[in-house]
Amino acid sequence: MTIDVDALWRWFETFVAADTLVAAGANRIDPLDPRLARFAREVAAPAFEELGATVAIDRLNNVVARFGEPTGRELLFLAYPALHHGNEMEEPLRARRVRSATGVELWAGVGASQSKGGLAAVCAAVAALRADGVELDGRAIVGVCSEGSSTHESSRVLYESLDPLPAGAVLTVGTRNRISLGNRGRVDVVVEIDGEPTHSSVAGRLGRNPIPVVAEVQRRLDGLTLDPAEHPLLGRRSILPYKLTCGPVAPHTTPAWCRLVLDRRLLPGDDPARAVAEVADALTGLDVSVRQGATMIPALVAEDAAVVRALRAGGASEGFYPESTFDAGYACSIGVPAVMCGPLSGELDTTGVLGDDAVSRDQLVEAAAIYAGAIRAV
């Protein structure tokens, strides 16, 4: 079986050119954002139809493409076009081929190593199988998920449309073509502190400044002892402040409010609501409110699951457990073993930063071959 590299480039270029970036200053992209709607209808759906699939788009702009009647034996290959990284890349929507300092051919463009490179590899895999006369009925479903808010809401709607559910799912995000067998979950714990906007010259006498309360909140959190039990594969629970905003911004004026958001990592069996209550208990006596924000469930897949066996048959031999959290937890929670496996350059490990995004040509070709081999093995 031969992967058509020219066709792979054409899909890569098309997907990168579609703007699905989280906007500057924002932390999420809504599934109903017009850009995700355009990607679903004008980019993904035509690509899947070109491959001979029957395409459906749901109310949250998820796209599901089927080859024949579903059987429940299929693997679902799912890409995520909403992009959170590469936000400061120059000409992010222009795909280009460049050489690294060591001579490796890199394909650059925003989303290259997040999920768009993986989506191009899926299309190339399906095209190669069709060229070899392989029937895809009962083997594969392909799609894109509109999730871009660190929740599972889009996935919940997407999986509701799948009857029967697939035998497994492959999320085509960058892993250097390794198989992510599990990850911790996470819950945003939102701590809000009210104050009184007061000119700084008299605030000490007349106003209630929320900023010193933020400092006390953090002091108490530093003393918060989480259950030290470590999962043998996924690691420890943790809590990390990652976002602090205050407002309104005015000259020489204390803010009316401060909002501190904590990233609380979860292990299998943890109750997100209980994790939030743990923080609220630690802050008892302070004039603050605590609530649960975006939540993602932990994921854990057995090494002998059908989806893992299929990917290994395709050539993805190494399994690992990343520190990051992603969307696999929802599928796992409803009985669909879900792993991450996709192209990511070993030379430019850019997922999670603001700068350039690129992936090696060889990683993309390898990903396409792995996906094709996995589909053939079903």
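Numbered per the numbering used here, the sequence shown spans residues 212 to 589.
Note that the Cβ used here is the ideal one computed from N, Cα and C, for glycine as well.
- If you check the CB distance, G393 and V519 do not come in under 9 Å.
- For H410, the number of other beta carbons within 10 angstroms of its own is below 16, and it is reported as exposed.
- The stretch 270–290 makes no contact with the stretch 392–408: fewer than 3 CB pairs, one atom from each, lie closer than 8 Å.
- Here S449 is bridged, per DSSP, to R476.
- With a beta-carbon spacing of about 5 Å, A569 and A323 fall inside the 8 Å limit used to define contacts.
- Spatial neighbours of A510 in its own chain (CB-CB distance under 6 Å, excluding positions within 5 residues in sequence) are listed in chain order as G393, N394, A539, G540, C543.
- Pairing T362 with Y291 gives a Cβ-Cβ distance that is not under 9 Å.
- In the DSSP assignment, K454 is bridged to V472.
- For the stretch 295–362, the full-length alpha helix (DSSP H) segments reaching 4 residues or more read 327–342 along the chain.
- Rounded to the nearest whole angstrom, the CA to CA distance from V368 to L271 is 7 Å.
- For the pair of segments examined, the stretch 224–231 was found to touch the stretch 254–268: the number of CB pairs separated by less than 8 Å reaches three.
- Residue A486 holds the alpha-carbon nearest to the alpha-carbon of D474 among T495, P377, G314, A486.
- Here DSSP, grouped into helix, strand and coil, assigns V368 to helix.
- Each of G349, D348, R448, V353 was checked against the Cα of C334, and the nearest Cα belongs to V353.
- Here S544 carries a helix assignment [DSSP, helix/strand/coil].
- In its chain, beyond the 5 residues on either side, A335, A338 have a beta carbon closer than 7 Å to the beta carbon of A218.
- In this structure, the alpha-carbon of P533 lies about 17 Å from that of H296.
- Of all alpha-carbon atoms in R502, R476, P554, I581, the one lying nearest the alpha-carbon of S528 is that of I581.
- When rounded, the separation of the alpha-carbon atoms in R221 and W318 is 12 Å.
- With fewer than 16 neighbouring CB atoms inside 10 Å of its own CB, K454 falls in the exposed class.
- Exclusion of the five residues before and after G283 leaves P375, L376, P377, A378 as the residues of its chain whose Cβ lies within less than 8 Å of its Cβ.
- The shortest C-alpha to C-alpha distance from I268 to any of S372, V233, A517, P408 is the one to S372.
- Distance between N238 and L304, taken at the CA atoms: about 20 Å.
- Listed in chain order, the non-local C-beta contacts of L347 below 6 Å within the same chain comprise F278, local neighbours out to five positions each way being set aside.
- Counted as a single uninterrupted DSSP element, the stretch harbouring T506 is not any alpha helix (DSSP H) but the beta strand (DSSP E) occupying residues 499–507.
- Going by DSSP, A229 is part of no alpha helix (DSSP H) at all; its letter is neither H nor E.
- Our two residues, R448 and R350, have alpha carbons roughly 37 Å apart in a direct line.
- Comparing alpha-carbon positions, the option among V345, L494, A342, C552 lying closest to F288 turns out to be C552.
- Note on geometry: alpha-carbon atoms of V472 and E301 lie some 30 Å from one another.
- Here L382 carries a strand assignment [DSSP, helix/strand/coil].
- The beta carbon of C457 sits closer than 8 Å to those of P421, I422, P466, W468, C469, R470, all from its chain and outside the five residues before and after it, given in chain order.
- C-alpha of N388 to C-alpha of A578: approximately 6 Å in a straight line.
- Close CB contacts of V501 within its chain, under the 6 Å cut and outside five residues either way in sequence, are with V402, V490, A491 (chain order).
- Here the C-alpha atom of N273 lies approximately 17 Å from the C-alpha atom of V233.
- If the five residues before and after E358 are omitted, its C-beta is found closer than 8 Å to the C-beta atoms of P242, Y291, A293, E364, S365, S366, D538, all from its own chain and listed in chain order.
- A distance below 9 Å separates the beta carbons of L478 and G396.
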